[in-house]
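Below you'll find the structure, written out as structure tokens, and then a few comments.
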Amino acid sequence: MKYEQPELPYSRDALAPAISAETVDYHYGKHEKAYIDNLNRLIKGTEFEDMALEEIIVNAKGPLFNNASQAWNHIFYFFTFSPNGSREPGGDLRKAIDRDFGSFEKFKEAFVDAGVGLFGSGWVWLCRDDDGKLIITQGSNAQNPLTDGLTPLLTFDVWEHAYYLDYQNRRADALKALWDIVDWDVVESRY
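Numbering-wise (numbering that gives the first Met the number 0), the sequence shown opens with residue 0 and increments by one.
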């Protein structure tokens with residue numbers, strides 16, 4: 000199987016000012032392409048060659064895990080956004096956020112704090128466990144909640160390449176700006 004980088008469902012400048020066209024070009028166009036290319040090179044001729052990407056993430060180690068997980072994480076991240084998406088969750092997801100975090104505002108604050116508090120590069124995630132409880136996790140480098148048996152719902156990328164062109168070292172400002180482009184209909188569908 001050969002993995003291909005999917006086309007984004009919006010134009011490269013559609014997420015501005017939260018994410019500029021230049022950052023989309025650099026982050027999705029170059030970084031994500033490299034992860035996909037490396038993944039394809041690493042699986043060739045191995046037992047991973049015909050596995051689904053999620054299976055590779057759960058079963059691989061080292062460079063193969065890093066490239067498979069980063070490829071998946073970036074697609075998950077970029078396909079969470081929309082210039083026209085719903086700006087707040089509704090339905091069962093909203094009820095779960097209110098139940099597990101106290102309010103939507105408290106959830107957003109805790110999520111940004113987890114992203115800001117992650118030392119170095121990585122990801123902050125909203126996940127659902129097997130009991131339906133929502134939790135915020137953070138992980139370095141290519142970490143992915145699939146390896147812990149969790150269902151990822153939302154992620155913000157806290158690698159510098161995700162925000163440095165637009166925000167320099169202001170990680171908190173970058174993370175807070177992403178709330179303006181989260182499409183909660185997409186996140187709800189994952190719940």
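Backbone N, C-alpha and C define an ideal beta-carbon position, used for all residues, glycine too. Here the structure is a predicted model, which means the values were calculated and not measured.
Which word fits residue i, buried or exposed, when buried means at least 16 other C-beta atoms lie within 10 angstroms of its C-beta?
i: His160; result: exposed
i: Pro151; result: buried
i: Glu6; result: exposed
i: Ile74; result: buried
i: Lys132; result: exposed
i: Thr79; result: buried
i: Gln167; result: exposed
i: Arg127; result: buried
i: Thr154; result: buried
Is the Cβ of residue i closer than 9 angstroms to any Cβ of chain D?
i: Gly89; result: The structure shown contains no chain D, having only a single protein chain.
Does DSSP classify residue i as helix, strand or coil?
i: Leu52; result: helix
i: Phe47; result: coil
i: Phe103; result: helix
i: Arg93; result: helix
i: Arg189; result: helix
i: Ser85; result: coil
i: Glu6; result: coil
i: Phe118; result: coil
i: Asp12; result: coil
i: Arg169; result: coil
i: Ala67; result: helix
Could you tell me which residues DSSP pairs with residue i in its beta bridges?
i: Val123; result: Gln137, Phe155
i: Phe80; result: Val181
i: Thr146; result: Thr146 pairs with nothing; no bridge assigned.
Are there any heavy atoms of the ligand ADP lying less than 8 angstroms away from the beta-carbon of residue i, as far as the coordinates show?
i: Asp91; result: Of ligands this structure carries none, so the ligand ADP is not represented either.
Whether or not the segment 99-107 and the segment 29-45 are in contact is what I'm after, with contact meaning three or more pairs of Cβ atoms, one per stretch, closer than 8 angstroms; do they touch?
no
Inter-stretch contact (C-beta, 8 angstroms, three-pair minimum) for the segment 108-121 and the segment 27-36
no
So, does the segment 157-176 touch the segment 16-24, judging by three or more C-beta pairs under 8 angstroms?
yes
Contact between the segment 81-99 and the segment 47-61 (3+ Cβ pairs under 8 angstroms)
no
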